[in-house]
Structure formats: structure tokens, C-alpha cells
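Structure first, commentary second.
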Amino acid sequence: MGFDTNLQKEIWLKHIEVQERVLQLNSAPIAIEPESIQISGQRLRLSVCQTDELDAKIDKIKSFFGVSDEAIDNSNDTIVCDARFSPNLYDISQLAEDCQKYYIQLSRNPIIEGVIRSQKSTFSKIVKALKEQGDQYDVDSNRRLQVTVEALRKLDNDSDIPCGILPKNASGIFSISPTPAYFIRKWLSIECSHSLKYENFKIEGVEERRLRRVLTIHDKYFSESALQKFNELWGLRLFSFDVYVKVSEDIMKEYDFEKSLYDFPDSQDGIFRYHFNAKSNDNNGNLSIIRGKWQVDLLKNICSSEFGDNNYQFHIDYNYLYDSKLYHQNVDGINLYDFFQDLKDTISEERISISESKQSIGVDFDWRITAPDQLRIELSNKYDDLEVSIFSNHRCNVEISDKNAEWEKIETFLKKNFSSLKTYISPKDGSMHFVQEYCTQEQASQFQISLSTSLNELRKLGCEFEIHADPVGKKRYLLRIDQNKIVENKENVVSTLRGAEFTVRGHSIGKLFKVIFPELLIDISSADYKFNEEGALTFNQITPNLEGDMEKIKRLKDAFDNISTGKCVKNSNISQFIFDATKAAPTQDIEFYTNESSDYYQEVKSNLLNKQINHSQLDAIIKCLKANDISLIQGPPGTGKSTAIAELIWQHIRLNPQERILLTSETNLAVDNAIDRTVNSTHNLVKPIRFGSDDRLAVEGRQFSINAMEQWVETGKFDYIENQDESIADDEVQTKNGKMILENWLDNIRKRIDRSNMDYRSVSLWEHILENPDKPLRQLIFDQYKAHCNVVGATCSSIGEKNTKNRPTKFFMNYCSVFGEVGTKTIYKRGNDFSDKEEELKITTYNCKDGISFTTVIQDESSKATPAELALPLVYGKRNIVIGDHRQLPPMLDKEEFVNTLEFLLDNASGESELRQLRKLKSYVLKNFKEMEISHFQRIYENIDPSLKGKFTQQYRMHPDINEVIKQFYEDNDNSESKDGLVCGLIDPIDLGVNDKNMTNPFSRYHGIQIDDFICGESLSPDNHVVWIDVNSPEMIEGTSRVNEGEVEVISHILEKFSISNSFREYCDKWTDEDDKEIGIISFYSKQRNRIRKMCRSFNNLSMKIDVVDRFQGMERNIIIVSMVRSNTIVSDSQQEPNFAEYELGYPEQTDLGFAQSPNRLNVALSRAKRLLIIIGNSELFRQKDIYNNVYKIIEANSNGKIIKCNPYEDLQK
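Here the sequence shown is numbered in our numbering, starting from 2 and rising by one per residue.
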């Protein structure tokens, strides 16, 4: 691959432009329902309008057919147009394909359609009865009826509804929130409880039912100052207290209560209860507890005199009321990860499920006995950490079995007679709708006659049917809208914007911090929007402010300009070698330095930080140490890149103590993993500091942040916030106590105490001081560490000096605080009126003599970076080390997604100038996409001098059988060490126990799972490490993505086998780390991932991580299942049956691999597995490409490999 410098520059610029355009798309306004807007304290609540895009698409369809709203028949999923309308087949096909992206099914030809109603259909009978009762209902995507309990009870009393049709249980989804008791227990460790109950009040003669919430503190009460604070925050006030006196059994028998001078109340099990109402001292409802204390003291004196001091126990419950609205205003912003984890630990009832992302509780309950409001009280009082909320007319989900309708028999009968007929069960009324496309009127007439004749025979199955006649002079097309999918897609889009700032009319309304779709909750504490002005709450859209992403685009443009012109770069040669790698100066005599017998090689080897560094790693490290401008390392999966990066840092600083190193990557996780490896238990030579927002850092990296170190100085400990997996909603977090690099520093100093020259007492004193440092010592350690910092960790996109407003970036502020100067400057500001006094303002200044500068920049995961992203940090390095793997994922998204983005922008272009720019960009992308898809790392690596590049050739992650299927990606005839691809270091040069049944051996990749009837009559044994399940199910377009329902069925079957397998349970029991237990499930498509996730909810006993391949790069799991999705056949909807008369394979054929076309994606997907890899895919399609054919043949040739043929719709139904 040669270098064309001008082409490289053009590709570089187009990458930036495409990124800018994608950002433009993500910045599009979101329509909201104006009537939903509410402000509560510092929270803005509003609901997303779910029909705005649909309305626009429907308008486009109406325009195409030349019709108005009245032409759309939603009850029968059709659009009616003039019979003379004859669209161009290409045009309507394009429109139909475009509609699929919006979950709209449009037929390409006119249709005959109708409906079949089964008299045996229980679902239809219930829907009919609900309509007659006038009750509202809905049907969800799982065809569950959504209806109120009141409506269910009416149905239960309806004589036309046979017994046994309505199930015993309904399932309710209710919002939940923490009660004050939860926070009081958590924050103050005070024993307390919370209760709810409905009470009836009479107001002006009218009886009202109200909910009373009571917080009860046991044997303690809030001081006056504490109560005043809680009153301000929550409206908390004491309204009563209950005194409980428990008298011993002997006294209860001996004491004559009838003759007593005191009127004791009736006891219950020897316990007397006294209730006292509290009266407030002021208008705020605050009570001085002293006012009630005399009553308690008097009661104690009576009990002591009557029963004796040791013969009774005295307990007091202090009962507080609070303002629910005020309470929620003040706790809404608190992160609730701990709350939901505690609930999951507390609640073990099978009928109850907890959803963190939806902040809800799902409950199965007997609706004949319990109503939702009763259930609310029951659950809230049983689990008093939570309060359950319900809506008026709260609907619940009810599973209605419709087996009696014999839909399968009816469908089989219809398909037998009309192979191209489409059928689907309507979620609206439970009837079966049928659709038949035709091309000519003659065809239509023939179909109608044949269909009528055949449908008459269905009467024997208890069916009624109706073929809908076309209006005079009209014809119909199928127009079926999947509302559930539309809502789901909209929710996914909005959820990606959590944490983003939103604006209205150019002013900030705050940051989106919670999504309970369609409701959004925005924190308005930082807003500058005038909410109190007239008309302020009448807006109908909000716009995400992606300024941070725009900052990144600016830095990328600046990096391109600086490198192109040679300005502001630390290495003047970068302008040459970054565009043309052949211009990088080679290292002379590199063969000498990398020769094992040379003094230099032996000196480096004898001073290794990690003695396990192998030959290929050491060879690459030496090349980096000797390079003057740039060096590259290719690090395939599992080859120990993080370990090698730590070694590179150590060697550079060991050889040159004046080094200042920047460690960077596109992802926080990669930076944090590498920087954590620099920690060791012997020396303090390497002193890293991590720049970046603490809430975005991985656990491994937070101990190096300045904020964490300052927290440690103040408190003597470091509490970090643990981010959850990115696939989980609401960015939930957990606070834990973590390790701290400064403590490691102290510990290493402690180890150096010269015990041979000190007495025992002095040694003990020093050890005590270093193990328990006071604040002055902690401050001294921090100051010294910071002053001698020699490594900075940061993400590539954060690096830069100025932002778009010409102010210092956060990176530059941190940089100056460590290596430069931070000061203050006084400025004077005068108002608009000359007579106004000058206002004195103090601003913080950040200065560094040479700007941002590093002796060495080490960049990881560079193969995923665009050209500008790769070069951005290199601008600041005198010498650069670039690490990546161009055999894994490239930086670009797929072609289809880019084109869809540009087409959307074209549809919404604001003028002719923008139209021209977008058309030009689209044309460029279509013409040069293959060039753009190649990572810049690959361009440099394949053209740079061999003395400047190294390659890791041994992997330690995968079982040798798994290694065999991916080593083809790394075959290199020019490199003697990798001419056969990747070497499995677990068996080469010696077997480290790869098949050791003792799985505590870190080199064992044994799994020990034995399932005799695994799938399609085949078994899974401990010897099997690679399995290809060869499926023939068709793929389907869903929005801009793809799904394969047959593969979902196969995964469900496999998980079912795992869930009931004793050997799998024993395998899981061997692990304490959750990651080791998790089954990784990878798909190339997000919609397939979503379907798999939905299916997997029924496997609560299995631990799983499910995501797309792009999100799995850098991860590993013991067991990986890969869903390939693409197939050699395609269907337009899930109801489409095979038609072998029309298609050889039963369905239309297709040959496109889409995402899977890239061998890099396949490499990443397969190389995540350590012990067991299961591939689910259509070999007929994939084997057309050599790399897939090689994988297939390698598995087939391996005596322990398995190829299992599977027809999901036949083999798994038996």
C-alpha cells in the first residue's frame, strides 16, 4: 500500500467532516409534549413526543400516493389510493425500503386483504367484551393485554366469558423510590421504619381518602437543629410518639392491675402502648421534644415504682410526617445504584422483579383478591426502604392464552393453498389478518375468487372471514406501522444523550440525568433559562448541546492545521512521517540492539519490571527505546499490551529520569488499565497522574487522579464511584473505598526501612507513622509526588490548550497545576453606564512556558482512531510510540450508517449551499469508502521501516483450539516469528497446563462442561472449545439494523441447556469474579442484541453480558456466543413463510455480509473467548468469503471441533 500524501490529507479532512456531520445529526432537536412540562424544585419533567418522525414519514407516504389523512385505515393497516395510480416499481421499492428503517411496512404492489375471526379465540372474545364495557385497553409487543383490575373484574363477572380464560395472576409495573427511612438508615445508621396507610378525612362535610406517610425513629429523636434542617429539606415534623412498656412475665402474673392506682391500658403479650400527640412550638410545625419529655419521665417513674427497675423494658417510637413533594425535590438527583442493589439483596420473592433502568418494580399478583392500591400499601410496608407509586386507572399486564383459536392450523391451511399470502395476528383485536399482493387486475380477480372458495372451508374450524372490498375506483396498499418498535427506537436514541446539556431558544435548561421513557428528568440547577417568565413553559422542542464533542472536532482540525504547517509541534519531522511513513528516519544497527547476545539487550532484559516479558515483546520495546521520531507496535488480542506499555514507561524513565511521558488512548478504560500496571511493590520511580473527569475513569485509574489524591490528603481515605456497564441505563454508580497510589508510595518507603541499623522501637515508630500518616504527612507526600510527576494519563480527545471559546481546557488546567503555574489576576469591569463603578474581578490564570510538551507520547488502541484522532496527541510529543492492531476494529462506522446519516441531513438541509456540500461529501464517501475504512495506523505500520515497528506474536488468552481459528488474521510471511500467525503462549514453547482440570491454574483453559443433548442431537464435552452451529434461518431488516430470529431461538435453546446443566453450575461455582461467570453474547447488529437481551430476561439464573462486537473490543469472557445475523435469505417481516414454488431456498436470496464483511469484526468477535467459543451463523453465506471458509474448515478438521447443522424452526420445535 503506497502513500499518496495529498490523498491522505483529503481522507483526513473527510474523516473530520463526516464526524462533524454525524454530530450535526445527533444535535437535532427532540420534539416534546408541551402539556407535559412541569417544574419541581430543581427538576424539569417533560415527555418526548413519540410521533413527530412518524408523522413526517407518513406525510411523505401520503404525498407519494397523492392522498390525504382519510386514505389511511389504521384498523386494517392499509392506505387507499386512486385505482389509476401506477407508481414506478423502483420508486415504490425505494420508499418501502426507506419505510422499513422507521418500522413501517409498505407493500410494493396493491393488495387484497381481509380478516379471519375465530369463534374459539379467547383473546378476541375478551377484546370484544372490553369494547362493549367501554373500557380502555392496550396490547404490548408480547401480545399481553394491558388493562385495569377494575376492567378485569368486570370481565370475570361477564357470563359470556367462559371460566378459566382469565389467568389467576396479573403483572403490574410500578414506579418505586427510596423512602426517608432508607436514607436515614444509610446516612445516620439509626434504627427506623416507614409506613403508608390510607386514611379518610372529612373536609367541609366531604369525605376524602388520603395517603399518610410516617417515618418512625426507634428509641431516638432528632435534635432541634437536626429537625430544623430536615424540616427545610423534607418538611419533616414530629407529630406523635408512642411509648411501649414491656413487663416481665412474672410481674404480669403477680401484679393486680384491677386494684392498681393507675389506669393501665389493655396489654398485648405483656406490652402496654401509650400514644401521645405532639404539639408544635411554632408555625413551622417544629416541636421541642422537651415538651413531651415530662410525660415520658412520669411514666418511667410509675413503672419503676409499680414493677421494679429491672422488671420492664421501655421503648419509644417517635413518629414524623414529611412533605412528600418537598422530599422528592431534594432527593431526585441522588444516585440510586446502592438503593437498587440493596433492594435486590433484600427482596427474594420470585413474583417480584426490580428494574434499575426503569426505576420500577414488577409484581405478579392475584387481581381477584388484591387491587393495585392495596398492593402499593402491602409492598411499601413490607419493604419499607421503598415506596410504590401507582397511577389512577393503573393498567396491568395479563397473559391471555389463545391456543383454542388454532391459528397454526388456519395458517398452515392458508399457506398450503396460497404460498405467497402473508398473515399476522392483530395486536388490536386478536384476529388474523391476511394480505395478498397482486400485479394486475386479472390476478386480483383470480386471487379473490380462489381465496373466497378456500376461506369457506375455514368455517369448519369455527371461523368467520371477511375480504375487504376496494372502494369504487380505488385500490389499497399495505401500510403497517409497528408502534412498539418506534417507541423502543426513540427511547434508545434519547437514552444515548444522558448527561448532555439541553437548550431552549438558545438558553440552557440544564442536563438530562434521568430517562424513564417517554419521561425525561432534567437537572435545571445550572440552567440560565428564565423559567419564571410568562410563556417560558410553552416550548415544544429541546436541543442537545454537544459542545464538548464540538470541542473535540476543533482540536482535530487544529491538529491537522498544526501538522500540515509544522506550527506548534514538538517534533518538526511529524509533518513528513505522519502523512508518509517512509519518511520516518530508521534506526541504525537495530539488528545489533535486538540481538539476544548484545550488551544492550541483556542490560534491558536484566532490568525488566515484569520478568514474564517474552521475546517478541522485548524486541518491540527495544525498537521503541532506540527510535528517534516514531515507532509502532502491533498488539493482537491477548498478547499483553497493557503489561508491555507499563514496561515501556518503566524502561524510559529508568534510562532517563527526566522523561515526561503522556500515556493516551481513545478510551478511558485502556488508559486506566495501562496506568494501573505501572504500580509495583518495590520502587517509586514511576509517578503517574491521571487527567480527566473522575466519574468517567475506570476503577483502576481513579487512584491516580488529582481529585482522589486531594481527597486522600483531607480524609485519609479514597472513596471512588464505580461506574456500571455502559449497556445499563441511567449511568448508575456505587461508592466504595479504594486503593490509592500515594499509599502504595508510603508502603514502598516503609519497606526500605533499614532494620539492620535501627532499634526495634525506632522501626516500630517509623512503621506506625508511615502506616497511619496524619494530614501534614499526607500533604507532604502529595506535594512531593505531584512535583516529581513523570507520567500523565489522558484520553486523546481531551488533549489541547484552548477550547472553542479560547479558554483553557481542563487538560491544560491540570497540566499547568502539575508542570506550570496557576495564579490569579485582577481585572476591572465597568457597567454600560459610564457613571457605574468599576467591579473588581479575580480570575484564575494558567501558564506554562513551553505549552503542552512531553518527551515521549505512548498512544494505545490507535487502530480505532481516525487519522486526526491518531495524530492529535503526537503533536505534543518529541518522540512517539503508537500501539494498535489493524486486524481489529477500524475507526469508521459502516458505510450504510454514514449514507443514512447524510441522506437524513440532505432531507433537512437549510439551503442550496449546504445541499451542495452534503452531496459532495456523500459522493466522496461512496467513491472512497474502502480507503476511508483503512485505519491510519495500518497505513503507517505497513509502510514504515522494519526497524521502527514490532509485533507481539504470543497470546495468552485463548485455548489453542480457539487460537487456531483466529491466527490466520496475523499470518505475515515477512516476519519469521509470525509467518504462521499468532502463537498460543499457553502451549508454546512449553505447555503451561492449558487443559489442567484445576481451573485455579491461571494458564488452564479447561471448562469441564458436559451436556449430552446440547443441540440437534449433538453433545458438548469438556474437549470441545470451538463449535459452529450452522443455521439456515433468514435475516430481516429492522430499521437501519438487521435481526435473525432463528439465531435468537438457538441462543435461547443453548442458554436453557446451560441453565439446567449440573456441570455448568459446577463450572460457575468455581469462580468468585462475576466476569468469569458471565456468558458473553456478541452480535454484529444492535437490534439483534436488543432481541437477545429481551429473550435473556427469562434466564435470571445465568450471568450474561450481551452487546455488539464494537463494544466488546478490549474485553474477554470464558464463554462467548457469537450471533452472525446475516443469512443467504431475507424476509420482509417475521410472519413471512417459506415459498419454495417461487424461491429455491424458500425465501428471497441475498449475498451481502454487511458489517460482517470486515474480517476485523470477525477477529474481534472470535478472539474474546478464553475457554469456549460458539459461533451461530449461516455457512452458505459466510463461506463465500475465504476468512470464514477458513474458520469453518479449521473447526471441521479439528477432532474436538464441532459443526452442527440446525434449522431453528424445525429442529428446535421437536
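Where is the CB? At the ideal position from N, CA and C, for every residue including glycine. Every value quoted in this text rests on a predicted model; they were computed, and no experiment measured them.
Segment limits, alpha helix (DSSP H) that includes residue i
| i | result |
| --- | --- |
| S573 | Segment: none, S573 is in no alpha helix (DSSP H) and carries neither H nor E. |
| P1209 | P1209 to D1212 |
| C817 | K811 to F820 |
| N1280 | Residue 1280 lies beyond the range of the chain shown here (2 to 1215); nothing can be said about it. |
| A130 | T123 to Q134 |
| I963 | P961 to I967 |
| G1047 | E1046 to S1060 |
Beta-carbon spacing of residue i, residue j below 8 Å
| i | j | result |
| --- | --- | --- |
| C50 | G67 | no |
| V1044 | V1126 | yes |
| S1 | E1143 | Because residue 1 is not part of the residues shown, which for the chain are 2 to 1215, the question remains open. |
| H1026 | N1119 | no |
| Q618 | A647 | no |
| E465 | Q39 | no |
| F692 | V793 | yes |
| V883 | L663 | no |
| T856 | R880 | yes |
| L890 | R1162 | yes |
| R118 | L922 | no |
| I1012 | K1058 | yes |
| I853 | Y816 | yes |
| L1176 | Q969 | Per the sequence shown, residue 1176 should be read as Ile rather than Leu. Cβ distance not < 8 Å, so I1176 and Q969 don't count as in contact. |
| N490 | D365 | no |
| F1085 | V1165 | no |
Opposing strand residues paired with residue i [DSSP bridges]
| i | result |
| --- | --- |
| H508 | V505 |
| Y319 | I218 and F242 |
| G824 | T846 |
| S268 | BP columns for S268 are empty, so no partner. |
| N170 | D367 |
| P774 | For P774, which the question treats as bridged, DSSP gives no partner whatsoever. |
CB-CB length for residue i against residue j, believed under 8 Å
| i | j | result |
| --- | --- | --- |
| T966 | I1196 | According to the sequence displayed, residue 966 carries Val and not Thr. Their Cβ separation, rounded to whole angstroms, is 7 Å, which keeps V966 and I1196 in contact under 8 Å. |
| V1132 | P1023 | Actually they are not in contact, since the Cβ atoms of V1132 and P1023 sit about 38 Å apart, beyond 8 Å. |
| E495 | F518 | The identity of residue 495 in the sequence shown is Val, whereas the question assumes Glu. Correct: roughly 7 Å between the Cβ atoms. |
| N89 | C440 | Not really, about 14 Å apart at Cβ, beyond 8 Å. |
| F448 | P35 | About 48 Å separates the two Cβ atoms, so there is no contact after all. |
Buried or exposed by the 16-neighbour rule on C-beta atoms within 10 Å, applied to residue i
| i | result |
| --- | --- |
| I1205 | buried |
| A730 | The predicted position of A730 is uncertain, since its pLDDT is 36 and thus under 50; a value taken from the coordinates is nonetheless stated next. Per the 10 Å Cβ criterion, buried. |
| R1172 | buried |
| W188 | exposed |
| R352 | exposed |
| L156 | buried |
| C193 | buried |
| G507 | exposed |
| I1061 | exposed |
| T736 | With a pLDDT of only 46 at T736, under 50, the local geometry of the prediction cannot be trusted, and the value read off the model is given with reservation. Classification for T736: exposed. |
| N533 | exposed |
| K1203 | buried |
| I17 | buried |
| R396 | buried |
| I291 | Annotation note: pLDDT 47 at I291 (below 50); position unreliable, coordinate value reported separately. I291 comes out exposed. |
| E604 | exposed |
| K423 | buried |
Element boundaries [beta strand (DSSP E), containing residue i]
| i | result |
| --- | --- |
| E1143 | No beta strand (DSSP E) holds E1143; DSSP gives it neither H nor E. |
| H469 | Careful: H469 lies outside any beta strand (DSSP E) and carries neither H nor E. |
| D1108 | M1105 to V1109 |
| W1029 | V1027 to V1032 |
| Y425 | K423 to I426 |
Residue i at chain C interface by Cβ criterion, 8 Å
| i | result |
| --- | --- |
| E409 | Checking the listed chains, one finds no chain C in this structure; it contains a single protein chain. |
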